[in-house]
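Numbering-wise, full-length UniProt numbering puts 171 at position 171 of the sequence shown, and it's gapless, one number per residue.
Okay, so here's the structure we're looking at.
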Amino acid sequence: MTGYPDSRLDRALDWCQRVLETSVTAAPAASDASSRRYFRITRVGSDPYRPVQENGHVTSYILMDAPGQGDSTAAFVRIGWMMRQAGLNTPRIIAADYRNGFLLLTDLGQLTYLDALTEQGQSPEPLFSAAITALIDWQLSSRPARLPEFSARLLRAELDLFTNWYLEHHCALNLSVSAKSEIDGLFDCIVEQLISQPQVYVHRDFMPRNLMISQPLPGVLDYQDAVTGPASYDPVCLYRDAFLSWPIDFVREGLYAYWRQARQAGVPLDDSFDKFWIDCQWTSLQRHFKVIGIFARLFYRDGKTSYLRDVPRFFGYLRSAAESLECREKVDFVLQLANKSGEQT
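And the structure:
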């Protein structure tokens, strides 16, 4: 039935067959930094790589396999519904088995923004324009107490991943009391800046890898960790991508386009773009210190070896962001710690 020596997948396919009332097969669809897996489900004998719809008929679905992630799976369902209510294109739920961690979803297609940009050479302007429109719709739907807060405690815990997993584990540094104090001072300042920004709904990974070429543009994925947090966070995710770098002029023009449209639509942003630009630099520091820490953890704890290849990109983002901020010397100090360990940053 499956071709995979995988008892959990076999159970999931048995469940899919009961839901769809037909024999099905699976092909890997995607993976992410968590233990979740995704498979494209098609009827036996169908081609898993043909269009999602053919002659108006659905030909494929997506199976999400999320073992031991009941809360996250429930959040995926609830937040996906919230996004659809705001006008965004997210997968619809065909069926859910929360006890086993299975979801059967509509298929938003096989082409991510990232692949469209890097492998097919599609123009970024229309894709990013559609992403900005969707993001603003999401932010405008913000309501108090509907999503968890991106609290100071959570922001700081994410920053500490850099210290714990990159500096101390990956670089094998035994940090002195004074070095830890410098890092703590920088991280406290970053957190203070982010919690002082206007607060809206935040996807948390609104980047080309999680956006799909799907009508209407974009299809949106991987939103189960959404929170209420800094308005600049998702725009920074979009333009300071984990797997794709853009020239600074493109980044600034894109963030300006977002800021102008968002303010006109009613998102509570500062009326000075220069101030919003500074907010984005603080947010870039928080996000990219965190991502470096997460990628080191994925390597050492989870055995996912590919992520560390992109770490130099994040150090470049950190240097670029710090140029506009009064904390530049503190950021330079932290980067020098990694350099002294022999790591290339």
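A virtual CB, placed ideally from N, CA and C, is assigned to each residue, including glycine.
Does the Cβ-Cβ distance between residue i and residue j come in under 9 Å?
{"i": "residue 338", "j": "residue 288", "result": "no"}
{"i": "residue 105", "j": "residue 92", "result": "yes"}
{"i": "residue 283", "j": "residue 197", "result": "yes"}
{"i": "residue 217", "j": "residue 127", "result": "yes"}
{"i": "residue 13", "j": "residue 26", "result": "yes"}
{"i": "residue 62", "j": "residue 97", "result": "no"}
{"i": "residue 64", "j": "residue 99", "result": "no"}
{"i": "residue 204", "j": "residue 234", "result": "yes"}
{"i": "residue 285", "j": "residue 195", "result": "no"}
{"i": "residue 296", "j": "residue 165", "result": "yes"}
{"i": "residue 220", "j": "residue 90", "result": "yes"}
{"i": "residue 101", "j": "residue 68", "result": "yes"}
{"i": "residue 75", "j": "residue 224", "result": "yes"}
{"i": "residue 228", "j": "residue 148", "result": "yes"}
{"i": "residue 315", "j": "residue 294", "result": "no"}
{"i": "residue 183", "j": "residue 112", "result": "no"}
{"i": "residue 137", "j": "residue 103", "result": "no"}
{"i": "residue 120", "j": "residue 40", "result": "no"}
{"i": "residue 135", "j": "residue 334", "result": "no"}
{"i": "residue 44", "j": "residue 59", "result": "no"}
{"i": "residue 226", "j": "residue 140", "result": "no"}
Can you look up residue i in the DSSP assignment and give me helix, strand or coil?
{"i": "residue 5", "result": "Its pLDDT being 49, under 50, residue 5 is placed unreliably by the model, and nothing is read from it."}
{"i": "residue 219", "result": "strand"}
{"i": "residue 188", "result": "helix"}
{"i": "residue 236", "result": "helix"}
{"i": "residue 198", "result": "coil"}
{"i": "residue 137", "result": "helix"}
{"i": "residue 15", "result": "helix"}
{"i": "residue 338", "result": "helix"}
{"i": "residue 267", "result": "coil"}
{"i": "residue 91", "result": "coil"}
{"i": "residue 243", "result": "coil"}
{"i": "residue 28", "result": "strand"}
{"i": "residue 112", "result": "strand"}
{"i": "residue 262", "result": "helix"}
{"i": "residue 329", "result": "helix"}
{"i": "residue 147", "result": "coil"}
{"i": "residue 10", "result": "helix"}
{"i": "residue 172", "result": "coil"}
{"i": "residue 160", "result": "helix"}
{"i": "residue 97", "result": "strand"}
So the candidates are the options; which of them puts its Cα closest to the Cα of residue i?
{"i": "residue 279", "options": "299, 301, 255", "result": "255"}
{"i": "residue 328", "options": "251, 200, 187, 266", "result": "187"}
{"i": "residue 253", "options": "77, 95, 73, 125", "result": "125"}
{"i": "residue 142", "options": "293, 267, 331, 59", "result": "267"}
{"i": "residue 246", "options": "23, 117, 66, 7", "result": "117"}
{"i": "residue 300", "options": "171, 207, 42, 154", "result": "171"}
{"i": "residue 276", "options": "292, 174, 257", "result": "257"}
{"i": "residue 238", "options": "318, 273, 211, 325", "result": "211"}
{"i": "residue 330", "options": "86, 302, 309, 180", "result": "180"}
{"i": "residue 251", "options": "236, 261, 260", "result": "236"}
{"i": "residue 274", "options": "207, 325, 132", "result": "325"}
{"i": "residue 318", "options": "281, 309, 310", "result": "281"}
{"i": "residue 146", "options": "202, 6, 302", "result": "202"}
{"i": "residue 156", "options": "185, 177, 307, 131", "result": "185"}
{"i": "residue 175", "options": "336, 8, 10", "result": "336"}
{"i": "residue 66", "options": "222, 304, 269, 260", "result": "222"}
Determine whether the Cβ of residue i lies closer than 9 Å to any Cβ atom of chain D.
{"i": "residue 222", "result": "No chain D appears in this structure, which consists of one protein chain only."}
Measure the beta-carbon distance from residue i to residue j and round it to whole angstroms, keeping in mind my assumption that it falls under 8 Å.
{"i": "residue 290", "j": "residue 161", "result": "6 Å"}
{"i": "residue 28", "j": "residue 150", "result": "With a Cβ gap of about 32 Å, residue 28 and residue 150 do not count as contacting."}
{"i": "residue 42", "j": "residue 19", "result": "Wrong, their Cβ atoms sit about 14 Å apart, outside the cutoff."}
{"i": "residue 241", "j": "residue 207", "result": "5 Å"}
Since residue i is in the beta strand (DSSP E), which residue starts that stretch and which ends it?
{"i": "residue 225", "result": "Premise fails: residue 225 is in no beta strand (DSSP E) and is neither H nor E."}
{"i": "residue 61", "result": "61–65"}
{"i": "residue 39", "result": "37–43"}
{"i": "residue 102", "result": "102–106"}
Between which two residues does the alpha helix (DSSP H) containing residue i stretch?
{"i": "residue 307", "result": "Neither: residue 307 is in no alpha helix (DSSP H) and is coded neither H nor E."}
{"i": "residue 73", "result": "70–85"}
{"i": "residue 123", "result": "Looking at the DSSP string, residue 123 is not in any alpha helix (DSSP H), and its letter there is neither H nor E."}
{"i": "residue 283", "result": "273–300"}
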